[in-house]
Amino acid sequence: AQSSAKPLSSEDIDKQLLAEKYLRRFYGLPSGLQGSRTSSNFLQAKIKEMQKFFKLEVTGNLDDNTLAVMKEPRCGVPDIGE
Amino acid sequence: YNHFPRHLKWENNNVTFRIVNYTPDLKKADVDKAIRRALNVWADVTPLTFKKLYEGNADIMISFGSKEHGDYNPFDGPGGLLAHAYPPGQGIGGDTHFDEDEQWTKDSSAYNLFIVAAHELGHALGMSHSTDPGALMYPIYTYTTGYPLAEDDIEGIQALYGPNPNPKKVKPRPDAPKKCDPELTFDAVTELRGETIIFKDRYYWRIHPQMVEPELTLIKSTWPSIPNKVDAAYENPEKDLVIIFSGIRMWALNGYNLVDGYPKYIHKLGLPKSVRKIDAAVHIKDTGKTLLFTDEDYWSYDETTETMDSGYPRSIEDDFPGIEDEVDAAAYHYGYLYFFHEHLQYEYSYNSKKVFRIQRANSILNC
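Sequence order for the protein chains is S and Z.
Residues in the first sequence are numbered from 1 upward in steps of one, following the numbering used here.
Residues in the second sequence are numbered from 83 upward in steps of one, following the numbering used here.
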C-alpha cells in the first residue's frame with residue numbers, strides 16, 4: 001500500500017528535541033524510553049500543560065507561538081510545583 | 083501566584099544569606115547592592131529580615147556557576163536558563179545559583195542581576211512560578227523599571243509570611259486584566275496586518291484570525307521603549323504603519339518593529355498644543371482619513387496630504403449621533419465604526435450614521 005508517511009525534516013527534529021528537553025526540565029515529562037504511543041500522549045499532554053500555563057492557545061501541537069515561548073530566556077525552576 | 087508543594091517556607095523570619103562567589107561582569111559592590119536590593123523587595127512587604135554572613139553555612143547560599151556547578155542541575159551556556167533557586171529547607175534549600183555564562187549587568191544592556199535575583203530569591207522564600215505575565219515570579223525574563231512586585235507577588239508572599247508589621251509605602255504593579263471581566267475597559271484598539279491588538283494597562287491582547295485564544299503580553303516585553311500606557315492606536319494599511327499614541331508622543335510600528343525617528347510629538351499632525359492626549363484614533367480606509375478623538379471632540383487627518391482637515395475639531399455628539407460621551411478606543415471594519423467607551427462597544431454605521439448595536443466591550447475577546 002502507498003504510505004504518505006515521510007521522515008521528519010531535521011528542522012522538525014530540532015523542534016521536537018527542544019520541546020522534549022523543555023518539557024522534561026519544566027513540566028516533568030518523563031525521560032527515558034517509552035512506547036511510541038504513550039510517549040506521544042505524554043508529550044501532547046505536557047505541551048498542553050505548558051500552553052495553559054503561558055495562556056497560549058491550548059492545542060497540544062508544537063506551533064510557532066509555543067516554540068517561541070520555549071526559546072525565551074528564563075528561570076531554571078520548573079513551572080509545575082510538583 | 084503559586085507556592086511550592088506543602089507551602090514550603092522558612093520557619094524563622096530571620097533568614098541568613100551569604101554570597102559565596104562573584105561574577106566578573108560587575109564590581110563586587112554592585113553585586114552586593116543588587117542582592118541586597120533584591121532581598122529588600124521581599125523584606126519590605128513581609129516580616130522577613132535578612133542577615134549577611136561572610137563564612138559558614140547560611141540559609142540562602144548565593145553563587146555564580148556555569149554548566150554543571152555542583153547540584154546536578156546544570157546550566158546551559160549563554161541564554162536559555164539564566165538562574166535557579168531551591169525552595170526553603172535544609173542543605174541546598176534556599177540556595178540560589180546564577181549562570182555565569184550569562185552577561186550580568188546593572189541596566190538593560192544584558193540580563194539585569196537585580197531583576198533576576200529578586201525573582202530567584204522569591205523561589206528561595208517559597209514562591210513558585212506565576213502565570214501572570216506582569217508578575218515578578220513569571221518564569222520568562224523581562225527587563226522592567228520601577229517597583230518590581232505585582233499585586234500577585236505580594237499576595238503570594240504574604241500568604242506565606244504575613245505582611246510587614248511596619249509596611250513601607252510600595253506601589254505594586256496592577257495584575258494582568260481579566261479578559262472576561264464584565265467591567266473591562268480598553269485603552270486602545272488597532273489592526274496590525276490582519277491581527278487585532280487591544281491595549282489595556284501594561285498589557286496588550288493579540289487576536290489572530292486563526293487563534294481561538296487571544297494572547298496577553300506585556301507591552302514592554304515586545305516594545306521596551308514604548309510607555310506602559312497606550313492612549314490610542316490606529317493602522318494605516320496603505321503605509322503599512324501602526325501609529326501608537328501615549329501622552330503627547332507617538333510611535334510608529336512597521337509590523338512589530340519600531341520605526342526609526344520616533345517618538346514624535348502629536349502636534350506634528352497639526353493638533354494644537356492645548357491637546358495633551360488622544361483618547362482614540364481610527365483610520366477610515368474608504369476615505370483615507372484618520373479620526374482622532376480628544377475629550378468630546380474629534381479631528382480629521384488626511385493621510386495623503388498629511389495635514390489636518392480644516393473645520394476641526396468638531397463635536398463627537400453632533401457628527402456621531404448616539405455616541406454621547408468620550409471615546410476610549412475606536413476601530414473600523416467594513417463600513418462600521420466600533421466605539422469603545424467604558425465597558426461597552428457601540429457598532430456605528432458610518433454610512434447610515436446611526437448606532438446599530440451595543441455590546442460589551444470584551445465581546446471582541448470572545449467573552
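In this text, a Cβ means the ideal position worked out from N, Cα and C, and glycines have one as well.
Every value quoted in this text rests on a predicted model; they were computed, and no experiment measured them.
Short Cβ contact (8 Å threshold) for residue i with residue j
i, j, result
"Z/G208", "Z/R275", "no"
"Z/D141", "Z/F99", "yes"
"Z/Y220", "Z/R255", "no"
"Z/L450", "Z/Y243", "Missing from the structure shown is residue 450 of chain Z; chain Z here goes from 83 to 449 and no further."
"Z/F132", "Z/N103", "no"
"Z/P160", "Z/E184", "yes"
"Z/R358", "Z/Y380", "no"
"Z/I405", "Z/Y432", "no"
"S/T66", "S/I80", "no"
"Z/S307", "Z/L340", "yes"
"S/L23", "S/M50", "yes"
"Z/V409", "Z/A443", "no"
"Z/K317", "Z/E385", "Checking the sequence shown, residue 317 of chain Z turns out to be Glu, not Lys. Contact: no."
"Z/S303", "Z/T187", "no"
"Z/D235", "Z/Y418", "no"
"Z/A167", "Z/D177", "yes"
"Z/I360", "Z/E378", "no"
"Z/H205", "S/V69", "no"
"Z/Y347", "Z/I330", "yes"
Beta-carbon separation (whole angstroms), residue i vs residue j, contact threshold 8 Å
i, j, result
"Z/T272", "Z/A315", "4 Å"
"Z/E182", "Z/T105", "6 Å"
"Z/D214", "Z/A232", "6 Å"
"Z/A116", "Z/L195", "4 Å"
"Z/V312", "Z/D269", "5 Å"
"Z/K261", "Z/W287", "7 Å"
Residue i: first and last residue of the uninterrupted beta strand (DSSP E) it sits in
i, result
"Z/Y286", "285 to 289"
"Z/L374", "371 to 376"
"Z/G147", "142 to 147"
"Z/N318", "314 to 318"
"Z/D400", "Where Z/D400 is concerned, there is no enclosing beta strand (DSSP E), although the alpha helix (DSSP H) it sits in stretches over 398 to 401."
"Z/N336", "331 to 336"
"Z/V364", "362 to 366"
"S/T66", "Element bounds for S/T66: not the beta strand (DSSP E) but the alpha helix (DSSP H), 64 to 70."
"Z/V437", "436 to 442"
"Z/S431", "426 to 431"
"S/F54", "First-last for S/F54: undefined, no H or E at that position."
"Z/E277", "277 to 282"
Cα-Cα separation between residue i and residue j, rounded to whole angstroms
i, j, result
"Z/N246", "S/F26", "32 Å"
"Z/V324", "S/L43", "39 Å"
"Z/R118", "Z/G175", "19 Å"
"Z/H415", "Z/H425", "20 Å"
"Z/M293", "S/K55", "12 Å"
"S/A1", "Z/V364", "Residue confidence for S/A1 is low, a pLDDT of 47 falling below 50, so the modelled location carries little weight; the figure read from the coordinates is stated next. Answer to the nearest angstrom: the Cα atoms are 58 Å apart."
"Z/N310", "Z/T227", "10 Å"
"Z/I301", "Z/G138", "44 Å"
"Z/N448", "Z/P296", "9 Å"
"Z/L373", "Z/K282", "21 Å"
"Z/K436", "Z/I446", "20 Å"
"Z/D342", "S/D12", "36 Å"
"Z/D107", "S/E57", "39 Å"
"Z/S210", "Z/L353", "49 Å"
"Z/D368", "S/L29", "53 Å"
"Z/S434", "Z/S328", "32 Å"
"Z/Q427", "Z/M143", "54 Å"
"Z/A120", "Z/F180", "14 Å"
"Z/N94", "Z/A241", "15 Å"
"S/C75", "Z/M332", "34 Å"
Residue i - containing alpha helix (DSSP H), residue span
i, result
"Z/R457", "Residue 457 of chain Z lies beyond the range of chain Z shown here (83 to 449); nothing can be said about it."
"Z/Q240", "233 to 243"
"Z/V324", "Z/V324 -> not in any alpha helix (DSSP H); beta strand (DSSP E) instead, spanning 323 to 328."
"Z/S303", "301 to 304"
"S/S10", "10 to 26"
The ligand ATP heavy atom lying under 7 Å from the CB of residue i
i, result
"Z/V113", "Absence of the ligand ATP from the depicted structure is noted, as is the absence of any ligand whatsoever, leaving it without description."
*In chain order, which continuous runs of the beta strand (DSSP E) of length 3 or greater are located wholly inside the region 168 to 204 of chain Z?*
The qualifying runs are 178 to 181.
*Mind listing, in chain order, the continuous beta strand (DSSP E) runs of no fewer than 3 residues lying wholly within the region 87 to 166 of chain Z?*
For the region 87 to 166 of chain Z, whole beta strand (DSSP E) runs of length 3 or above, ordered along the chain, are 96 to 101, 131 to 134, 142 to 147.
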